[in-house]
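K.L.:
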Amino acid sequence: MTKRARSMLRQMDRITRSWFLPTIGREKATFIGRLIDKRRPKRAVEIGSLIGYSAIVVAGHLPPGGRLTCIELNPYMAMIAEENLAAAGLATRTRVITGDARRVLPFLGSRFDFALIDATKEEYFEYLRALEPRLAKGALVVADNTRLYRSRLKDYLAHVRRSGRYESREQGFGKDAMEVSRFLG
Ligand SMILES: C[S@@+](CC[C@H](N)C(=O)[O-])C[C@H]1O[C@@H](n2cnc3c(N)ncnc32)[C@H](O)[C@@H]1O
């Protein structure tokens, strides 16, 4: 990750603390950064971008030639995410699409090898169903807040853990967790 992107994340850490914005935060950002450094995905998608914090983490760690597509429902947030990605020097490797991920995903042409899901909890399974035909074999799907909102994510967690289509594990972060699932194809 470049110095410019790191400095942008530091500024955003201060803003999110004082405004109580629900970004993934530092600890999960470090985890995701390591995951991407290790797996080196080339085509990533993010569902739920808010002000672009996690998007900077994902895009900032992609290898050369990597691209991130962000899908954000709120047009104002989508605009801010786009501005923050540009300020972090990541405009050329990202695109922000404004809309409901459930409607946008079926129209995306790419095959993704990394996905971060962090939007409306009750909709995670719908996102995954729309995303699945676009996942490359071996793709990693990371879902945030799976411990905090476990009861709202039952269908999602049952699918990634028991459908036989994924190898899945929970990565704990205190009271919360992320579910990291590898698509088996
Ligand atoms: C928790 S915030 C995302 C935080 C962001 N991932 C980060 O860590 O910087 C959730 C975001 O998901 C967006 N969202 C909710 N439902 C959505 C949907 N169906 N499609 C796309 N975005 C959605 C909300 O507008 C909100 O900005």
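Everything in the sequence shown is counted per this note's numbering, starting at 13 for the first residue and increasing by one.
The beta carbon of each residue, even a glycine, is placed where N, CA and C say it ideally should be.
All of these numbers come straight from a predicted model, not from anything done at the bench.
1. Got a sec, what are the start and stop residues for the beta strand (DSSP E) Thr81 sits in?
2. Can you determine whether any heavy atom of ligand 3 sits closer than 7 Å to the C-beta of Arg107, and answer yes or no?
3. Ligand 1 heavy atoms versus the CB of Arg114: any closer than 7 Å?
4. What would DSSP say about Ile36, mapped onto helix, strand or coil?
5. Are the CB atoms of Leu102 and Gly150 nearer to each other than 8 Å?
6. Three Cβ pairs or more, each shorter than 8 Å: is that satisfied between the region 110-120 and the region 130-143?
7. Judging by CA-CA distance, which residue of Glu182, Gly176, Arg181 is the nearest neighbour of Gly197?
8. Please state whether the Cβ-Cβ distance between Thr81 and Arg107 is less than 8 Å.
9. Checking the sheet assignment: what are the DSSP bridge partners for Phe185?
10. Expressed to the nearest angstrom, what Euclidean distance is found between the alpha-carbon atoms of Leu74 and Gly60?
11. Tell me, to the nearest whole angstrom, how far the beta carbon of Met13 is from that of Gly45; I am working on the premise that it is less than 8 Å.
12. For a test of the three-state rule: what should DSSP assign to Asp125, helix, strand or coil?
13. Report the partner residues of Tyr178 according to the DSSP bridge assignment.
14. In chain order, what residues of the same chain have a beta carbon less than 7 Å from the beta carbon of Glu94, not counting five sequence neighbours either side?
15. State the beta-bridge partners of Glu58 as determined by DSSP.
16. Whole angstroms is fine: what's the gap from Ser193's alpha carbon to Lys54's?
17. When you measure from the CB of Tyr168 to every non-hydrogen atom of ligand 1, does any distance come out below 7 Å?
18. Quick check on this structure: which residue in Pro87, Ala41, Ala99, Ala100 has the alpha carbon closest to the alpha carbon of Met190?
19. What's the call for Glu135, buried or exposed, on a 16-neighbour Cβ count within 10 Å?
P.N.:
With the given structure in hand:
1. By 1-based counting over the sequence shown, the position of residue 81 is 69. Per DSSP, Thr81 belongs to the beta strand (DSSP E) from 79-84.
2. Absence of ligand 3 is noted for the structure shown, with ligand 1 being the only ligands found.
3. As a position in the sequence shown, residue 114 is number 102, starting the count at 1. For ligand 1, at least one heavy atom lies less than 7 Å from the Cβ of Arg114.
4. Position 24 of the sequence shown, counted from the first residue, corresponds to residue 36. Of the three classes helix, strand and coil, the one that applies to Ile36 here is coil, per DSSP.
5. The residue labelled residue 102 in the question sits at position 90 within the sequence shown. The residue labelled residue 150 in the question sits at position 138 within the sequence shown. Contact flag unset, no.
6. Taking a contact to require three or more Cβ pairs closer than 8 Å, the region 110-120 and the region 130-143 qualify as touching.
7. Sequence index remark: in the sequence shown, residue 197 carries index 185 (1-based). Gly197 has its Cα closest to that of Gly176, out of Glu182, Gly176, Arg181.
8. Residue 81 sits at position 69 when you count from the first residue of the sequence shown. Residue 107 sits at position 95 when you count from the first residue of the sequence shown. For Thr81 and Arg107, yes; Cβs fall inside 8 Å.
9. Within the sequence shown, the letter at position 173 stands for residue 185. Answer is Asp188, bridged to Phe185.
10. What you label residue 74 is simply residue 62 of the sequence shown in a count that begins at 1. What you label residue 60 is simply residue 48 of the sequence shown in a count that begins at 1. One C-alpha to the other measures close to 18 Å.
11. Position 1 of the sequence shown, counting from 1, holds the residue named residue 13. Position 33 of the sequence shown, counting from 1, holds the residue named residue 45. That pair is a contact at about 7 Å.
12. Start at 1 with the first residue of the sequence shown, and residue 125 comes out as number 113. Note: Asp125 maps to strand in three-state DSSP.
13. Position 166 of the sequence shown, counted from the start, is the residue given in the question as residue 178. Secondary-structure assignment with DSSP links Tyr178 through a beta bridge to Phe195.
14. Start at 1 with the first residue of the sequence shown, and residue 94 comes out as number 82. Excluding positions up to five away in sequence, the list reads Val108.
15. Here the question's residue 58 lines up with position 46 in the sequence shown. DSSP lists Cys82, Leu128 as partners of Glu58.
16. Along the sequence shown, read from residue 1 onward, the residue named residue 193 stands at position 181. Along the sequence shown, read from residue 1 onward, the residue named residue 54 stands at position 42. Distance from the CA atom of Ser193 to the CA atom of Lys54, rounded to whole angstroms, is 17 Å.
17. For this step, residue 168 is matched to residue 156 along the sequence shown. No, the beta carbon of Tyr168 sits no closer than 7 Å to any heavy atom of ligand 1.
18. As a position in the sequence shown, residue 190 is number 178, starting the count at 1. Selected option, being the one with the closest Cα: Ala41.
19. Taking the sequence shown and counting its residues from 1, the one referred to as residue 135 is at position 123. Buried is the call here.
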